[in-house]
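Number of protein chains: 2
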Amino acid sequence: MAETQPNIQAPPTIYDVARAAGVSIASVSRVLNGHRNPRQETRDRVLQAVAELGFVPDGAARALSARLKEVVGVVFRRVPWVETSEGAFAEEDESLQFTDVINRGIEVAAQRRGYNLLVGSIDVDEHDAYRRIMTMARKSDGLILHDRVLEPSKLAQLSTHVPVVTLAGVATQATANVRGDNGTGMTELARHLIYDHRYTTIAYVAGHADSPDNIARRLALAKVAASAGVLFVEGPQWQGNYLASGGAKVVSSLLADGVRLPRALVCANDQTALGAMHALVQHGFDVPGEVAVTGFDDIPVARHLRPQLTTIRQPIADLGATAFEVLRSMIAHREPAGRDIVLPTRLMRRESCGCLPASSQSSWLTDPPQGA
Amino acid sequence: MAETQPNIQAPPTIYDVARAAGVSIASVSRVLNGHRNPRQETRDRVLQAVAELGFVPDGAARALSARLKEVVGVVFRRVPWVETSEGAFAEEDESLQFTDVINRGIEVAAQRRGYNLLVGSIDVDEHDAYRRIMTMARKSDGLILHDRVLEPSKLAQLSTHVPVVTLAGVATQATANVRGDNGTGMTELARHLIYDHRYTTIAYVAGHADSPDNIARRLALAKVAASAGVLFVEGPQWQGNYLASGGAKVVSSLLADGVRLPRALVCANDQTALGAMHALVQHGFDVPGEVAVTGFDDIPVARHLRPQLTTIRQPIADLGATAFEVLRSMIAHREPAGRDIVLPTRLMRRESCGCLPASSQSSWLTDPPQGA
DNA sequence: CCACTCTCGGTAAGCGCTTACCAGGGCGGG
DNA sequence: CCCGCCCTGGTAAGCGCTTACCGAGAGTGG
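Taken in sequence, the protein lines are chains W and S. Under this note's numbering, the first residue of the first sequence carries the number 1277, and numbering increases by one thereafter. Under this note's numbering, the first residue of the second sequence carries the number 1277, and numbering increases by one thereafter.
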């Protein structure tokens, strides 16, 4: 095997630049950071030396001195690997679509400000999550935490040391939160099912019981159902886990118990709907003919399913971008735009609720025209 | 609006710990890093102080001093946002599945070694990609570059300053590369189509012309076709771009030109297959009845399509994990396991090639049983 | 023509760690 | 019983930057 590192040479330092330009390191720094704007001639010489040497300041040194790392940490919860006969990953990959799109949103926003993303995931049963997150905190200027990565007490502790923004959580004394408008979105969906489609029995396939999103979605649905006098079904048997497997299991065990299904299944999120829909089809049900199914989030795959999934669109990437901007203002000790930021959601009427199939529009380029 | 940062207090430093434990900072450092193992009593006192104060060393300071940041940079190419009537993202999200899964693989491997991931994307037409990547390089110990983020000359320049591992690229003097076994995988697929299904005309819907993966896949297919005396169709009209839209466009414009389609469409990757398949269905073709379609990669959505996509499985997460391990040995100035590392691939026979529909197995939990 | 102000570089002091080097104490062997 | 060695902890020198502070020269008004 040939040599792999012929001559990795240490990158030039600010001293090298100063020497090459015939000035002091202070001048180099000043030119580069635009302070006290130096004389044109000095500036030119420095800039030329920088270009010639390809100088880029070391992140650690800069961070240590300027007390600003220009890095934000993003932590999400990793779903345990499902080992199947085909190897791992059958389920995990899917389940993180939502997270990935948010992260992309954060990343794009961060990049615009010269920040980079430090990503880390923690295992569900991570014994030492707090420590690992703290380590990330010390490598960054602030943290964005996805849903349920840290219990409230630990979160409070963390937030005394680092600026923290949560996603789909709840704002606290020291942390800000960014979320989609669950209430409005779910209300719109519920009304569509009840008033447009005239369904009279509706069940809620829940997400994690302690998730604020789940609570808000359930509540909105229950409210509309109650005020419309529609039968609202829920309970332990309807407990999912935000994953496709959870949705499938709910349906399967219900069927195994001989429970008669309601006319519509409103799922806590798209993943759950995906699983539920699949299980229904496996058991010979017609979706949406016999049972309608809806999701929440509008993750990319939603429109590739057959039938295409009716769901509530969250501005997923915007959630991430907003979280970043809020965090950045906290880092800069500016007052953020708010502590509990709510982004609008909206109903995407597709097929799985019982609406007619879309036209021949190419379904992954644009969404089908709307209309019940 | 209430105060959002009541009292972010600076985290404790090593000096605080030393004072609390009644020892010098050197001792604290030694206890924490396990060097020159100090006396038990000293160790206990330090450890207790660390626990009480919740001390975690600052990443920048540690990095500057130890010359090790314990961060690896990962750079991928962002697909330009497609603005549709429904907003952006219709296409982008999908197209990055492959990248995201690889990144997850890197992340998990990195975490095991106490490293974190610094992720950054660059725009297709980024004017200053090199500089931005260099900035990331200076915030990390080494870089992992996805396909086509940097042209060869810039790559060479970069690799003189930082350890670099590429994914799906080519190994060079100073960089290592990790990839899937395109040749074996594509050969297996080609044989399946030709000998098991007896298809006699096959077209290759290409990926980016300069992508090593694309070149290798095309070559393997062409070889098998030639040796079997099968008609191999390709050319400018068959040029895709690794995206769903590319696959769809190839099919649509071919049809518009009145070209008669071959019996099987072998696509450069799953995204392309997805788009091609969709376009075929839109135009009234039966897949696989009239035209068979195959992909490459086995991204998660592949098995959710109707028909389920026959494709070559790459160990996507493993590609990432392997890239990390190779990079880490370069960072540690150890000789890596190799400079051009090839991971095995294998044919996933599903429906889109013409094989029979799977049994009632839940398709996202395990894959359907195999067999033509 | 001199005192004063202003501009612009340089000098040096950190930022919070790691670690080379040194000093002191306990101990074994001559 | 003394010398030298080993073990341990402290002292201090950086790591590569930013920036407060200072001093020298140029420009201005009385």
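Just so you know, even glycine gets a beta-carbon here, dropped at the ideal spot from N, CA and C.
Give me the Cα-Cα distance between residue i and residue j, rounded to the nearest whole angstrom.
{"i": "W/Asp1533", "j": "S/Val1377", "result": "37 Å"}
{"i": "S/Thr1360", "j": "W/Ala1578", "result": "Caution applies to S/Thr1360, whose pLDDT of 43 falls short of 50 and renders its modelled position unreliable; the value that the coordinates give is listed next. S/Thr1360 and W/Ala1578: Cα-Cα distance of roughly 17 Å."}
{"i": "S/Leu1394", "j": "S/Arg1589", "result": "27 Å"}
{"i": "W/Arg1610", "j": "W/Ile1617", "result": "16 Å"}
{"i": "S/Gly1614", "j": "W/Ala1444", "result": "44 Å"}
{"i": "S/Asn1319", "j": "W/Val1526", "result": "It is worth fixing the name first, because residue 1319 of chain S is Arg in this sequence and not Asn. Roughly 52 Å separates the two Cα atoms."}
{"i": "W/Val1307", "j": "W/Phe1331", "result": "13 Å"}
{"i": "W/Asp1562", "j": "S/Arg1408", "result": "52 Å"}
{"i": "S/Ala1286", "j": "W/His1437", "result": "6 Å"}
{"i": "W/Thr1570", "j": "W/Ile1398", "result": "29 Å"}
{"i": "W/Pro1591", "j": "W/Asn1545", "result": "14 Å"}
{"i": "W/Ala1366", "j": "W/Glu1566", "result": "A caution first: W/Ala1366 carries a pLDDT of 49, below 50, which makes its placement in the model too unreliable to give a value."}
{"i": "S/Ala1385", "j": "W/Arg1354", "result": "13 Å"}
{"i": "S/Val1602", "j": "S/Val1454", "result": "9 Å"}
{"i": "S/Leu1530", "j": "W/Gln1316", "result": "59 Å"}
{"i": "W/Ala1485", "j": "W/Ile1491", "result": "7 Å"}
{"i": "W/Phe1374", "j": "W/Cys1543", "result": "15 Å"}
{"i": "W/Asp1334", "j": "W/Val1326", "result": "13 Å"}
{"i": "W/Tyr1391", "j": "S/His1403", "result": "18 Å"}
{"i": "S/Val1535", "j": "S/Gly1511", "result": "13 Å"}
{"i": "W/Asp1401", "j": "S/Gly1522", "result": "42 Å"}
{"i": "S/Asp1423", "j": "W/Pro1439", "result": "35 Å"}
{"i": "S/Gly1456", "j": "S/Leu1344", "result": "30 Å"}
{"i": "S/Arg1467", "j": "W/Leu1595", "result": "47 Å"}
{"i": "W/Leu1469", "j": "W/Gly1381", "result": "31 Å"}
{"i": "S/Ala1496", "j": "W/Ile1290", "result": "50 Å"}
{"i": "S/Gln1558", "j": "S/Leu1507", "result": "26 Å"}
{"i": "S/Ala1540", "j": "S/Asp1472", "result": "13 Å"}
{"i": "S/Arg1312", "j": "W/Thr1598", "result": "47 Å"}
{"i": "W/Asp1417", "j": "S/Pro1633", "result": "52 Å"}
Since residue i is in the alpha helix (DSSP H), which residue starts that stretch and which ends it?
{"i": "S/Ser1418", "result": "The identity of residue 1418 of chain S in the sequence shown is Gly, whereas the question assumes Ser. Where S/Gly1418 is concerned, there is no enclosing alpha helix (DSSP H), although the beta strand (DSSP E) it sits in stretches over Gly1418 to Leu1421."}
{"i": "W/Val1304", "result": "Ile1301 to Asn1309"}
{"i": "S/Asn1379", "result": "Gln1373 to Arg1388"}
{"i": "S/Phe1270", "result": "The structure shown has nothing for residue 1270 of chain S, since chain S only spans 1277 to 1648."}
{"i": "S/Lys1499", "result": "Pro1488 to Ala1504"}
{"i": "W/Phe1328", "result": "What sits at residue 1328 of chain W in the sequence shown is Glu, not Phe. Segment Gln1316 to Leu1329, the alpha helix (DSSP H) holding W/Glu1328."}
{"i": "S/Ile1409", "result": "Ala1405 to Ala1413"}
{"i": "W/Ser1341", "result": "Gly1335 to Ala1342"}
If I'm right that residue i touches residue j with Cβ under 8 Å, what's the distance once you round it to whole angstroms?
{"i": "W/Leu1434", "j": "W/Met1410", "result": "7 Å"}
{"i": "S/Ala1649", "j": "S/Gly1560", "result": "Past the boundaries of the shown model lies residue 1649 of chain S; chain S is included only from 1277 to 1648, so the question cannot be answered."}
{"i": "S/Ala1405", "j": "S/Leu1426", "result": "6 Å"}
{"i": "W/Met1624", "j": "W/Asp1574", "result": "6 Å"}
{"i": "W/Leu1585", "j": "W/Ser1528", "result": "That pair is no contact at about 19 Å."}
{"i": "W/Asp1538", "j": "W/Thr1477", "result": "It should be pointed out that residue 1538 of chain W corresponds to Pro in this sequence rather than to Asp. Going by Cβ atoms, the distance from W/Pro1538 to W/Thr1477 rounds to 4 Å, so yes, they are a contact pair."}
{"i": "S/Leu1323", "j": "S/Ala1296", "result": "Not a contact, Cβ separation roughly 11 Å."}
{"i": "W/Thr1548", "j": "W/Gly1505", "result": "So it is not a contact: roughly 26 Å between Cβ atoms."}
{"i": "S/His1580", "j": "W/Leu1581", "result": "7 Å"}
In the DSSP assignment, find the beta strand (DSSP E) that holds residue i and state where it starts and stops.
{"i": "S/Ile1398", "result": "Asn1392 to Asp1399"}
{"i": "W/Ile1617", "result": "Asp1616 to Leu1619"}
{"i": "W/Val1542", "result": "Ala1540 to Cys1543"}
{"i": "W/Val1267", "result": "Chain W is shown from 1277 up to 1648; residue 1267 of chain W falls before or after that span and cannot be answered."}
{"i": "W/Leu1537", "result": "Premise fails: W/Leu1537 is in no beta strand (DSSP E) and is neither H nor E."}
{"i": "S/Arg1295", "result": "That residue, S/Arg1295, is in no beta strand (DSSP E); its alpha helix (DSSP H) goes Ile1290 to Ala1297."}
{"i": "W/Arg1622", "result": "Arg1622 to Met1624"}
Quick one: which residues of the region 1426-1443 of chain S get their C-beta closer than 9 Å to a C-beta of chain W? List them in chain order. Gln1433, Ser1435, Thr1436, His1437, Val1438 and Pro1439
Contact residues within the region 1538-1556 of chain W, judged by C-beta distance below 9 Å to chain S: Leu1550, Gly1551, His1554 and Ala1555
Going along the region 1573-1601 of chain W in order, which residues come within less than 9 Å of chain S, judged by CB to CB distance? Ile1575, Pro1576, Val1577, Arg1579, His1580, Leu1581, Arg1582, Arg1589, Pro1591, Ile1592 and Ala1593
Of the residues that make up the region 1456-1484 of chain S, which ones have a beta carbon closer than 7 Å to any beta carbon in chain W? none
For a minimum of 3 consecutive residues, which ranges assigned as the beta strand (DSSP E) are wholly contained in the region 1433-1482 of chain S? 1440-1443, 1451-1456 and 1477-1481
Please list, in chain order, the residues of the region 1390-1420 of chain W that have any C-beta partner in chain S closer than 7 Å. Asn1392, Leu1393, Leu1394, Val1395, Gly1396, Ser1397, Met1410, Thr1411, Met1412, Arg1414 and Lys1415
Contacting positions in the region 1345-1357 of chain S - beta carbon closer than 7 Å to chain W: Lys1345 and Val1347
Let me know the beta strand (DSSP E) ranges lying completely inside the region 1552-1594 of chain W, each 3 residues or longer, listed in chain order. 1568-1570 and 1587-1589
Using a Cβ-Cβ cut-off of less than 7 Å, give me the residues of the region 1317-1347 of chain W that come near chain S, in sequence order. Val1332, Pro1333, Asp1334, Gly1335, Ala1336, Ala1337, Ala1339, Leu1340, Lys1345 and Val1347
Beta carbons nearer than 9 Å to chain S: which residues of the region 1622-1635 of chain W have them? Met1624
Residues in the region 1287-1304 of chain W with C-beta within 8 Å of chain S's C-beta atoms, listed in sequence order? Pro1287
Relative to chain W, which residues along the region 1503-1514 of chain S have a C-beta separation below 8 Å, given in chain order? none
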